[in-house]
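Chemist: Heads up: the sequence shown begins at 1 in our numbering, then just goes up one per residue. Think of the CB as a built atom: it goes at the ideal place given N, C-alpha and C, for glycine as much as any other residue.
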Amino acid sequence: MTSSSSGAPLWRDRRFVMLAGARVISILGNGFARVALAFAVLALPGGNGGRLSLVVACQALPQLVFILAGGVVADRMSRSRLMALADVLGAGAYGGLAAMVLTGHAPLVALCVLAALAGSATALFAPAMDGLLPLIVPADRLQRANGLLRMGTNSALLLGLTLSGVTVAFAGAGWALAINASSFVVSAALTSRLGVTSAPRKKASGWADLREGWREFSSRQWLWVVVAQYAVVIAALNANVGVLGPLSAEQHLGGARAWSVIVAAQALGTIAGAGLAARVRVRRPMLVAVLCTFPGAVPIALLCARAPVWLIAAAMFCAGIASDVFGVLWATTIQRQVPEHALSRVSSYDWFGSLALAPLGLLVAGPVAQAVGTGQALAGCAALIVLATGAALLSPQVRTLGTENAPSGAVEAASPAPEHQTGT
Numbered sequence: 001m002t003s004s005s006s007g008a009p010l011w012r013d014r015r016f017v018m019l020a021g022a023r024v025i026s027i028l029g030n031g032f033a034r035v036a037l038a039f040a041v042l043a044l045p046g047g048n049g050g051r052l053s054l055v056v057a058c059q060a061l062p063q064l065v066f067i068l069a070g071g072v073v074a075d076r077m078s079r080s081r082l083m084a085l086a087d088v089l090g091a092g093a094y095g096g097l098a099a100m101v102l103t104g105h106a107p108l109v110a111l112c113v114l115a116a117l118a119g120s121a122t123a124l125f126a127p128a129m130d131g132l133l134p135l136i137v138p139a140d141r142l143q144r145a146n147g148l149l150r151m152g153t154n155s156a157l158l159l160g161l162t163l164s165g166v167t168v169a170f171a172g173a174g175w176a177l178a179i180n181a182s183s184f185v186v187s188a189a190l191t192s193r194l195g196v197t198s199a200p201r202k203k204a205s206g207w208a209d210l211r212e213g214w215r216e217f218s219s220r221q222w223l224w225v226v227v228a229q230y231a232v233v234i235a236a237l238n239a240n241v242g243v244l245g246p247l248s249a250e251q252h253l254g255g256a257r258a259w260s261v262i263v264a265a266q267a268l269g270t271i272a273g274a275g276l277a278a279r280v281r282v283r284r285p286m287l288v289a290v291l292c293t294f295p296g297a298v299p300i301a302l303l304c305a306r307a308p309v310w311l312i313a314a315a316m317f318c319a320g321i322a323s324d325v326f327g328v329l330w331a332t333t334i335q336r337q338v339p340e341h342a343l344s345r346v347s348s349y350d351w352f353g354s355l356a357l358a359p360l361g362l363l364v365a366g367p368v369a370q371a372v373g374t375g376q377a378l379a380g381c382a383a384l385i386v387l388a389t390g391a392a393l394l395s396p397q398v399r400t401l402g403t404e405n406a407p408s409g410a411v412e413a414a415s416p417a418p419e420h421q422t423g424t
């Protein structure tokens, strides 16, 4: 690795600052929701691991069902406008969840419907966000921009997680969910003012757009191999964060406060990881990215072993560093390798494949924990991460793809027009 320090500050670009501000505020609210939703469901009458699994699975399933459509729409219209609309939908969903929890009238069906709306908002937002950054930032600044965005959002997540445990403990989960809803409103206001439009494309049917996106996706072995790996990894990680971790904390570690410390440690690690990834260059980005997946299994194994909170938190900190090095290298490689006109659709296939098993993992985590014990379920999650990551390393392209392999057409397409480069 070598340090990369060339280039002017991105913070002088007004649109980049607005985008970063919107993401920071939104992720700050998500930090509250990550802890609040789990403990809100567990605290309701009849709340248990099975009900929690159902609610979080309802949130994850629409992300899988609608993500491909989100990619097609994002490549057809203003990506910033679509992101703002998704934020409005998310604000309504979390506002409804907050109202039900605060009033104490929270039927399971209504919880599931609103969780599904929140997941649908993510399905619209994520591909548009992935395709927006190359329209604002020149191609040679993408790694730095991805790193800076992640540093800001991870710092906000850390603050949200730190405050969420206190808010849930002293004010209640409903108020934490209300804070998340208000953060979406602010994010929508900022994102709607970006005014970024993609280059006009020839009109085609949605199916034709999907087929073109699939060709771009499937023609790159490194891309679909790592997506297949992360279908398993994300299912295991989500089962831990969404269900098994809170259950283990409730049973053995003291509840919401202990779990907040653990997830906050991970968020702190992601800040360090994003800062590291923004400043270094690697010759084989996919090899380094995949190797960075292994540390994610360690804190899950420690939860299984009922290790003390400080040790689990330390492992989560290291896993957070590794996960954000992966994230920055992954996002930058896709943005450099894939033509801009297809970027959101390729991103939607990435999301679709990566999330393919996430609803199943969330849905079965609670019942499996009830059947075999939380510890055994956690051990299975850790093993799945290790096995999937080892399998991905068998791919020749994963091991050998270098930064010098970026096709010139993709890099040129990802670079904004000269007037967009002012201040970067």
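So, with DSSP's three-state summary, where would you put Val232?
Modeler: Here Val232 sits in helix by DSSP.
Chemist: Give the secondary structure of Arg281 by DSSP, where H, G and I count as helix, E and B as strand, and everything else as coil.
Modeler: Correct three-state label for Arg281: strand.
Chemist: Is the region 299-318 close to the region 167-186, with three or more CB pairs under 8 Å?
Modeler: The region 299-318, when compared against the region 167-186, does not touch it at the 8 Å Cβ threshold.
Chemist: Looking at Ala342: is its Cβ nearer than 7 Å to the Cβ of Gly213?
Modeler: Yes, the pair counts as a contact, with Cβ atoms nearer than the cut-off.
Chemist: Please list, in chain order, all residues of the same chain as Gly90 whose beta carbon is under 7 Å from its beta carbon, the five residues on each side excluded.
Modeler: Contacts found: Ala118, Ala121 and Phe184.
Chemist: Around the C-beta of Leu177, are 16 or more other C-beta atoms found within 10 angstroms, so that it is buried, or is it exposed?
Modeler: Classification of Leu177: buried, given that the 10 Å Cβ count is 16 or more.
Chemist: With DSSP collapsed to three states, give me the class of Ser192.
Modeler: Reduced to three states, the DSSP call for Ser192 is coil.
Chemist: Determine the closest residue to Ala22 out of Pro134, Ala60, Gln376 and Arg150, with distance taken between C-alpha atoms.
Modeler: Among Pro134, Ala60, Gln376 and Arg150, the Cα nearest to that of Ala22 belongs to Arg150.
Chemist: Could you check where the alpha helix (DSSP H) with Asn146 kicks off and where it finishes?
Modeler: Its alpha helix (DSSP H) spans residues Leu142 to Phe170.
Chemist: Can you look up Val368 in the DSSP assignment and give me helix, strand or coil?
Modeler: In the structure shown, Val368 sits in a helix (DSSP, three-state: H, G or I).
Chemist: Under the three-state reduction of DSSP, which class applies to Asp209: helix, strand or coil?
Modeler: Helix at Asp209.
Chemist: Using three-state DSSP, classify Thr293 as helix, strand or coil.
Modeler: Looking at Thr293 - three-state DSSP - the assignment turns out to be coil, as it is neither helix nor strand.
Chemist: Would you check if there are 3 or more beta carbon pairs closer than 8 Å linking the region 222-231 to the region 277-295?
Modeler: The region 222-231, when compared against the region 277-295, does touch it at the 8 Å Cβ threshold.
Chemist: Determine, using beta-carbon pairs with one atom in the region 151-167 and one in the region 258-278, whether at least three such pairs fall under 8 Å.
Modeler: Touching, yes.
Chemist: Can you grab the Cα-Cα spacing for the pair Val17 / Ala57, in whole Å?
Modeler: Rounded to whole angstroms, Val17 to Ala57 spans 34 Å at the Cα level.
Chemist: Quick one: Cα of Ala426 to Cα of Gly375, how far?
Modeler: The structure shown does not extend to residue 426, since the chain is modelled only from 1 to 424, so the question has no answer here.
Chemist: Is it right to say Gly174 is buried, meaning 16 or more other beta carbons lie within 10 angstroms of its own, or is it exposed?
Modeler: Gly174 should be labelled buried.
Chemist: What number of angstroms, rounded off, separates the C-alpha of Leu132 from the C-alpha of Arg76?
Modeler: Looking at the two C-alpha atoms, the distance is approximately 12 Å.
Chemist: Considering Pro127, what are the terminal residues of the alpha helix (DSSP H) in which it resides?
Modeler: Its alpha helix (DSSP H) spans residues Leu108 to Ile136.
Chemist: For Ala301, which residues in the same chain have their Cβ closer than 8 Å to its Cβ, ignoring the five residues on either side in sequence?
Modeler: The residues are Leu378, Ala379 and Ala382.
Chemist: Grouping DSSP H, G and I as helix and E and B as strand, with all else coil, what is Leu355?
Modeler: Correct three-state label for Leu355: coil.
Chemist: Would the beta-carbon of Val274 fall within 7 Å of that of Asp324?
Modeler: Here residue 274 is Ala; the residue named in the question, Val, does not match the sequence. A contact, by the Cβ cut-off of 7 Å.
Chemist: Answer yes if the region 275-287 comes into contact with the region 68-82, meaning at least three C-beta pairs across the two stretches below 8 Å, and no otherwise.
Modeler: Too few Cβ pairs lie closer than 8 Å, so no.
Chemist: For the putative contact between Ser358 and Ala60, defined by C-beta atoms under 8 Å, what is the C-beta separation to the nearest angstrom?
Modeler: Checking the sequence shown, residue 358 turns out to be Ala, not Ser. Going by Cβ atoms, the distance from Ala358 to Ala60 rounds to 5 Å, so yes, they are a contact pair.
Chemist: Within 10 angstroms of the Cβ of Val225, are there 16 or more other Cβ atoms? Answer buried if so, exposed if not.
Modeler: Under this definition Val225 is a buried residue.
Chemist: Which residues mark the beginning and the end of the alpha helix (DSSP H) in which Trp425 is found?
Modeler: Here the chain comprises residues numbered 1 to 424, so residue 425 is not present and cannot be evaluated.
Chemist: Select from Thr191, Arg220 and Gly353 the residue whose C-alpha is nearest the C-alpha of Arg79.
Modeler: Considering only alpha carbons, the answer is Thr191.
Chemist: Who are the Cβ neighbours of Ala99 in its own chain at under 6 Å, not counting the five residues just before and after it?
Modeler: Cβ within range, chain order: n/a, list empty.
Chemist: Hey, could you find the ends of the alpha helix (DSSP H) Val241 is sitting in?
Modeler: Note, Val241: premise wrong, no alpha helix (DSSP H); not H, not E.
Chemist: Do you know offhand how far Met286's Cα is from Trp330's?
Modeler: When rounded, the distance between both Cα atoms is 7 Å.
Chemist: Should Ala272 and Ile234 be called a contact, given that it needs their Cβ atoms to be closer than 7 Å?
Modeler: Contact: no.
Chemist: According to the neighbour-count rule (16 or more other Cβ atoms, all chains shown, within 10 Å of its Cβ), is Gly327 buried or exposed?
Modeler: Gly327 comes out buried.
Chemist: Between Thr400, Val263 and Ala392, which lies nearest to Leu240 when the distance is taken from Cα to Cα?
Modeler: As written in the sequence, residue 240 is Asn, which differs from the Leu given in the question. Answer by Cα proximity: Val263.
Chemist: Whole angstroms are fine: how far does the CA of Ala123 sit from the CA of Leu163?
Modeler: For Leu163 and Ala123, the distance between alpha carbons rounds to 27 Å.
Chemist: To the nearest angstrom, report how far apart Leu362 and Leu387 are at their CA atoms.
Modeler: Cα to Cα, the separation comes out at about 19 Å.
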